[in-house]
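Numbering (the numbering used here), first residue to last: 1 to 300.
Listed below in C-alpha coordinates is the structure:
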(Lines of atoms letter the chains of each structure in order from A; the text may use other names.)
(Lines give C-alpha, C1' and ligand atoms only; values in the text may rest on other atoms or scores of the structure.)
Protein backbone atom coordinates (compact mmCIF):
# COMPACT_ATOMS: atom_id res chain seq x y z
CA UNK A 1 0.00 0.00 0.00
CA UNK A 2 1.39 3.41 -0.99
CA UNK A 3 -0.19 6.46 0.61
CA UNK A 4 2.40 9.00 -0.57
CA UNK A 5 5.40 9.09 -2.86
CA UNK A 6 7.82 9.64 0.03
CA UNK A 7 9.25 7.26 2.60
CA UNK A 8 8.41 8.07 6.26
CA UNK A 9 5.50 10.38 5.37
CA UNK A 10 4.04 12.64 8.03
CA UNK A 11 0.43 12.93 9.11
CA UNK A 12 -1.62 13.98 12.13
CA UNK A 13 -4.01 12.13 14.41
CA UNK A 14 -6.47 14.88 13.68
CA UNK A 15 -7.46 17.59 16.13
CA UNK A 16 -5.89 21.05 16.27
CA UNK A 17 -6.25 24.06 18.61
CA UNK A 18 -9.39 26.09 17.93
CA UNK A 19 -8.68 29.61 16.69
CA UNK A 20 -12.06 31.30 16.42
CA UNK A 21 -12.79 34.05 13.95
CA UNK A 22 -14.49 37.38 14.51
CA UNK A 23 -16.65 39.84 12.66
CA UNK A 24 -19.70 39.32 10.46
CA UNK A 25 -18.28 36.25 8.75
CA UNK A 26 -17.90 34.50 12.10
CA UNK A 27 -21.58 35.03 12.87
CA UNK A 28 -22.48 32.72 10.01
CA UNK A 29 -19.98 30.02 11.03
CA UNK A 30 -17.87 30.83 14.11
CA UNK A 31 -15.60 27.82 13.54
CA UNK A 32 -14.90 28.20 9.82
CA UNK A 33 -11.88 30.35 10.63
CA UNK A 34 -10.61 27.62 12.96
CA UNK A 35 -10.81 25.08 10.12
CA UNK A 36 -8.91 27.42 7.81
CA UNK A 37 -6.18 28.02 10.41
CA UNK A 38 -5.82 24.31 11.18
CA UNK A 39 -5.52 23.41 7.51
CA UNK A 40 -3.12 26.29 6.74
CA UNK A 41 -0.88 25.46 9.72
CA UNK A 42 -0.63 21.79 8.77
CA UNK A 43 0.24 22.68 5.18
CA UNK A 44 2.68 25.34 6.34
CA UNK A 45 4.39 22.83 8.62
CA UNK A 46 4.84 20.49 5.66
CA UNK A 47 2.52 17.65 6.74
CA UNK A 48 2.05 15.11 3.94
CA UNK A 49 -1.44 13.90 4.92
CA UNK A 50 -3.45 16.55 6.74
CA UNK A 51 -6.83 16.64 8.52
CA UNK A 52 -9.58 19.24 8.68
CA UNK A 53 -8.51 20.06 12.25
CA UNK A 54 -11.51 18.51 14.03
CA UNK A 55 -12.43 21.85 15.55
CA UNK A 56 -16.20 21.38 15.88
CA UNK A 57 -16.52 20.10 19.44
CA UNK A 58 -15.23 17.14 21.40
CA UNK A 59 -14.80 13.79 19.68
CA UNK A 60 -18.02 12.36 21.18
CA UNK A 61 -20.51 15.20 20.72
CA UNK A 62 -19.13 16.07 17.28
CA UNK A 63 -20.82 12.89 16.06
CA UNK A 64 -23.53 11.95 18.55
CA UNK A 65 -25.24 15.33 18.31
CA UNK A 66 -26.10 14.51 14.69
CA UNK A 67 -27.31 10.91 15.05
CA UNK A 68 -31.06 10.18 15.34
CA UNK A 69 -31.77 8.11 18.44
CA UNK A 70 -29.38 10.15 20.62
CA UNK A 71 -30.40 13.18 22.67
CA UNK A 72 -27.64 14.90 24.57
CA UNK A 73 -25.65 12.11 26.24
CA UNK A 74 -28.58 9.70 26.22
CA UNK A 75 -29.62 7.01 23.78
CA UNK A 76 -33.39 7.34 23.52
CA UNK A 77 -34.17 5.18 20.47
CA UNK A 78 -32.62 3.22 17.64
CA UNK A 79 -29.46 4.96 16.44
CA UNK A 80 -29.53 5.73 12.73
CA UNK A 81 -27.32 7.54 10.22
CA UNK A 82 -27.30 11.33 10.31
CA UNK A 83 -29.73 13.06 7.99
CA UNK A 84 -26.82 14.79 6.24
CA UNK A 85 -23.02 14.49 6.26
CA UNK A 86 -21.31 15.47 9.52
CA UNK A 87 -17.67 16.12 8.64
CA UNK A 88 -17.86 16.34 4.86
CA UNK A 89 -17.86 20.14 4.41
CA UNK A 90 -14.70 20.67 6.48
CA UNK A 91 -13.02 17.68 4.84
CA UNK A 92 -13.85 19.03 1.39
CA UNK A 93 -12.34 22.37 2.38
CA UNK A 94 -9.12 20.59 3.40
CA UNK A 95 -9.15 18.71 0.08
CA UNK A 96 -9.48 22.00 -1.77
CA UNK A 97 -6.20 23.11 -0.19
CA UNK A 98 -4.16 19.90 -0.14
CA UNK A 99 -4.15 16.69 -2.22
CA UNK A 100 -3.82 14.25 0.69
CA UNK A 101 -6.40 14.43 3.48
CA UNK A 102 -7.35 11.98 6.20
CA UNK A 103 -11.06 11.62 7.00
CA UNK A 104 -11.68 10.99 10.69
CA UNK A 105 -14.44 9.21 12.61
CA UNK A 106 -14.75 8.66 16.35
CA UNK A 107 -15.12 4.91 16.68
CA UNK A 108 -18.35 3.09 17.55
CA UNK A 109 -17.11 1.73 20.89
CA UNK A 110 -15.74 5.06 22.06
CA UNK A 111 -19.00 6.80 21.12
CA UNK A 112 -21.12 4.14 22.83
CA UNK A 113 -19.15 4.36 26.07
CA UNK A 114 -19.69 8.12 26.13
CA UNK A 115 -23.46 7.61 26.21
CA UNK A 116 -26.04 6.29 28.66
CA UNK A 117 -28.78 3.96 27.43
CA UNK A 118 -32.25 5.23 28.32
CA UNK A 119 -34.36 3.09 26.01
CA UNK A 120 -35.43 -0.57 26.10
CA UNK A 121 -34.41 -0.82 22.45
CA UNK A 122 -30.85 -1.69 23.53
CA UNK A 123 -30.15 -4.23 26.23
CA UNK A 124 -26.49 -3.27 26.46
CA UNK A 125 -23.76 -1.21 24.86
CA UNK A 126 -22.59 -4.08 22.68
CA UNK A 127 -25.84 -3.86 20.69
CA UNK A 128 -25.49 -0.06 20.56
CA UNK A 129 -21.93 -0.27 19.21
CA UNK A 130 -23.02 -2.22 16.14
CA UNK A 131 -25.80 0.22 15.23
CA UNK A 132 -23.42 3.16 15.65
CA UNK A 133 -21.02 1.39 13.28
CA UNK A 134 -23.73 1.22 10.62
CA UNK A 135 -24.43 4.94 11.08
CA UNK A 136 -20.74 5.82 10.82
CA UNK A 137 -20.32 3.70 7.70
CA UNK A 138 -22.64 6.13 5.89
CA UNK A 139 -20.39 9.04 6.92
CA UNK A 140 -17.31 7.06 5.87
CA UNK A 141 -18.76 6.60 2.41
CA UNK A 142 -19.32 10.34 2.07
CA UNK A 143 -15.65 10.90 2.91
CA UNK A 144 -14.50 8.17 0.54
CA UNK A 145 -16.51 9.64 -2.31
CA UNK A 146 -15.02 13.08 -1.59
CA UNK A 147 -11.55 11.69 -2.29
CA UNK A 148 -9.79 11.30 1.07
CA UNK A 149 -6.51 9.37 1.09
CA UNK A 150 -7.57 7.25 4.05
CA UNK A 151 -10.15 7.14 6.82
CA UNK A 152 -9.12 6.99 10.46
CA UNK A 153 -11.32 5.43 13.13
CA UNK A 154 -10.46 6.67 16.64
CA UNK A 155 -10.92 4.10 19.41
CA UNK A 156 -9.10 5.38 22.52
CA UNK A 157 -11.48 3.27 24.63
CA UNK A 158 -9.75 0.09 23.41
CA UNK A 159 -6.67 0.55 25.60
CA UNK A 160 -8.66 1.12 28.80
CA UNK A 161 -10.18 -2.35 29.19
CA UNK A 162 -13.69 -0.87 29.32
CA UNK A 163 -14.78 -2.00 25.86
CA UNK A 164 -15.72 -5.44 24.60
CA UNK A 165 -12.94 -5.82 22.04
CA UNK A 166 -14.65 -8.65 20.16
CA UNK A 167 -17.64 -6.40 19.50
CA UNK A 168 -15.35 -3.44 18.88
CA UNK A 169 -13.49 -5.47 16.27
CA UNK A 170 -16.75 -6.47 14.58
CA UNK A 171 -17.83 -2.83 14.48
CA UNK A 172 -14.61 -1.47 12.98
CA UNK A 173 -14.51 -4.34 10.49
CA UNK A 174 -18.07 -3.50 9.46
CA UNK A 175 -17.00 0.04 8.56
CA UNK A 176 -13.73 -0.95 6.89
CA UNK A 177 -15.37 -3.77 4.95
CA UNK A 178 -17.65 -1.32 3.15
CA UNK A 179 -14.81 0.90 1.92
CA UNK A 180 -12.28 0.90 -0.92
CA UNK A 181 -10.09 3.55 0.69
CA UNK A 182 -7.55 2.36 3.32
CA UNK A 183 -8.73 2.48 6.93
CA UNK A 184 -6.51 3.46 9.85
CA UNK A 185 -7.33 2.50 13.46
CA UNK A 186 -6.02 4.91 16.10
CA UNK A 187 -5.65 3.56 19.64
CA UNK A 188 -3.73 5.65 22.17
CA UNK A 189 -2.47 4.63 25.60
CA UNK A 190 -0.62 1.52 26.78
CA UNK A 191 -1.34 -1.42 24.49
CA UNK A 192 0.17 -4.17 26.63
CA UNK A 193 -3.12 -5.81 27.63
CA UNK A 194 -4.98 -5.40 24.34
CA UNK A 195 -2.49 -5.58 21.49
CA UNK A 196 -3.34 -9.15 20.41
CA UNK A 197 -7.04 -8.29 20.08
CA UNK A 198 -6.39 -4.98 18.35
CA UNK A 199 -4.12 -6.58 15.75
CA UNK A 200 -6.96 -8.91 14.72
CA UNK A 201 -8.91 -5.96 13.29
CA UNK A 202 -8.92 -5.80 9.48
CA UNK A 203 -7.47 -2.36 8.80
CA UNK A 204 -4.61 -1.22 6.59
CA UNK A 205 -2.93 1.03 9.20
CA UNK A 206 -2.60 0.83 12.98
CA UNK A 207 -1.87 4.19 14.61
CA UNK A 208 -0.37 3.93 18.10
CA UNK A 209 1.25 6.12 20.74
CA UNK A 210 5.02 5.68 21.12
CA UNK A 211 6.38 9.04 22.35
CA UNK A 212 4.51 9.07 25.67
CA UNK A 213 4.27 5.26 25.75
CA UNK A 214 7.63 3.95 24.48
CA UNK A 215 6.84 0.59 26.10
CA UNK A 216 4.46 -0.01 23.19
CA UNK A 217 7.55 -0.77 21.13
CA UNK A 218 8.16 -3.74 23.39
CA UNK A 219 4.86 -5.43 22.56
CA UNK A 220 5.02 -5.00 18.78
CA UNK A 221 7.24 -6.26 16.00
CA UNK A 222 7.41 -5.97 12.23
CA UNK A 223 5.87 -9.43 11.77
CA UNK A 224 2.82 -8.35 13.80
CA UNK A 225 1.89 -5.92 11.04
CA UNK A 226 1.65 -8.66 8.40
CA UNK A 227 2.18 -6.23 5.56
CA UNK A 228 0.14 -3.43 7.10
CA UNK A 229 1.42 0.02 8.05
CA UNK A 230 2.06 1.58 11.44
CA UNK A 231 1.11 5.13 12.34
CA UNK A 232 4.04 5.90 14.60
CA UNK A 233 3.39 8.49 17.32
CA UNK A 234 6.73 10.27 17.68
CA UNK A 235 5.56 13.56 19.23
CA UNK A 236 4.16 13.73 22.77
CA UNK A 237 0.79 15.43 22.32
CA UNK A 238 0.31 15.66 26.12
CA UNK A 239 3.50 17.68 26.65
CA UNK A 240 3.00 21.45 26.27
CA UNK A 241 6.66 21.81 25.40
CA UNK A 242 7.95 21.68 21.84
CA UNK A 243 10.31 18.73 21.60
CA UNK A 244 13.57 19.32 19.78
CA UNK A 245 14.18 17.95 16.31
CA UNK A 246 16.85 15.72 17.81
CA UNK A 247 14.44 14.25 20.39
CA UNK A 248 11.83 13.47 17.75
CA UNK A 249 14.44 12.01 15.39
CA UNK A 250 15.69 9.67 18.14
CA UNK A 251 12.13 8.42 18.63
CA UNK A 252 11.80 7.83 14.90
CA UNK A 253 15.07 5.92 14.89
CA UNK A 254 13.80 3.74 17.76
CA UNK A 255 10.79 2.90 15.61
CA UNK A 256 12.95 2.09 12.61
CA UNK A 257 14.77 -0.36 14.86
CA UNK A 258 11.51 -2.33 15.06
CA UNK A 259 9.62 -1.52 11.86
CA UNK A 260 10.67 -1.03 8.27
CA UNK A 261 10.71 2.68 7.37
CA UNK A 262 8.56 1.71 4.38
CA UNK A 263 5.82 0.65 6.79
CA UNK A 264 5.83 3.82 8.92
CA UNK A 265 3.63 6.91 8.93
CA UNK A 266 4.90 9.54 11.38
CA UNK A 267 2.53 11.58 13.52
CA UNK A 268 1.94 12.90 17.05
CA UNK A 269 0.68 10.42 19.66
CA UNK A 270 -2.83 11.93 19.64
CA UNK A 271 -4.63 15.08 18.58
CA UNK A 272 -3.17 18.48 19.48
CA UNK A 273 -6.43 20.23 20.34
CA UNK A 274 -5.50 20.87 23.99
CA UNK A 275 -2.22 22.61 23.15
CA UNK A 276 -1.72 26.25 22.21
CA UNK A 277 -1.52 27.01 18.52
CA UNK A 278 2.17 27.95 18.87
CA UNK A 279 2.97 24.65 20.59
CA UNK A 280 0.97 22.58 18.10
CA UNK A 281 2.55 24.26 15.10
CA UNK A 282 6.02 24.03 16.61
CA UNK A 283 5.61 20.32 17.27
CA UNK A 284 4.46 19.66 13.70
CA UNK A 285 7.27 21.71 12.16
CA UNK A 286 9.93 19.90 14.20
CA UNK A 287 8.38 16.53 13.38
CA UNK A 288 8.55 17.32 9.66
CA UNK A 289 12.22 18.33 9.89
CA UNK A 290 13.07 15.23 11.95
CA UNK A 291 11.23 13.06 9.44
CA UNK A 292 13.19 14.66 6.59
CA UNK A 293 16.50 14.00 8.31
CA UNK A 294 15.56 10.37 9.02
CA UNK A 295 14.30 9.95 5.45
CA UNK A 296 17.61 11.15 4.05
CA UNK A 297 19.52 8.67 6.17
CA UNK A 298 17.29 5.67 5.47
CA UNK A 299 16.70 6.19 1.75
CA UNK A 300 18.73 3.81 -0.37
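We treat Cβ as the ideally placed atom computed from N, Cα and C, and that holds for glycine.
Remark: C-beta atoms of residue 168 and residue 129 approach each other more closely than 9 angstroms. Rounded to the nearest whole angstrom, the CA to CA distance from residue 89 to residue 43 is 18 angstroms. Secondary structure of residue 145 (DSSP, three-state): helix. Beta-bridge partners assigned by DSSP to residue 209: 233.
Between residue 265 and residue 230, the gap from beta carbon to beta carbon is short of 9 angstroms. In this structure, residue 161 keeps its C-beta atom at 9 angstroms or more from the C-beta atom of residue 124. Comparing alpha carbon positions, the residue from 16, 36, 50 and 94 closest to residue 25 is 36. In the three-state scheme derived from DSSP, where H, G and I count as helix and E and B as strand, residue 156 is classed as helix.
Apart from sequence neighbours up to five positions away, the residues of its chain that approach residue 157 with a beta-carbon distance below 6 angstroms are 109, 110, 113 and 163, ordered along the chain. In the three-state DSSP reduction, residue 108 falls in the helix class (H, G or I). By DSSP's assignment, residue 66 forms no beta bridge with any residue. Three or more beta-carbon pairs drawn from the stretch 167–181 and the stretch 134–146 are found closer than 8 angstroms, and the two stretches are therefore classed as touching. DSSP places residue 117 in the strand class (E or B) of the three-state scheme. Ranked by Cα distance from residue 18, the options 297, 286, 275 and 295 are led by 275.
In the displayed model, residue 33 falls within a helix according to three-state DSSP. Counting other Cβ atoms within 10 Å of its Cβ, residue 268 reaches 16 or more and is therefore classed as buried. For residue 11, the pairing in a beta bridge is given by DSSP as 49.
Excluding the 5 residues flanking it on each side, residue 76 has same chain C-beta neighbours closer than 8 angstroms at 69, 70, 118 and 119, in chain order. Straight across, the Cα-Cα distance linking residue 133 with residue 154 is about 12 angstroms.
In the three-state scheme derived from DSSP, where H, G and I count as helix and E and B as strand, residue 96 is classed as helix.
Taking all protein chains in view, the Cβ of residue 255 is crowded by 16 or more other Cβ atoms within 10 Å, so the residue is classified as buried.
Boundaries cannot be given for residue 18, as no alpha helix (DSSP H) includes it and DSSP labels it neither H nor E. In this structure, residue 244 keeps its C-beta atom at 9 angstroms or more from the C-beta atom of residue 212. By the beta-carbon neighbour count (other beta carbons within 10 angstroms, threshold 16), residue 278 is exposed.
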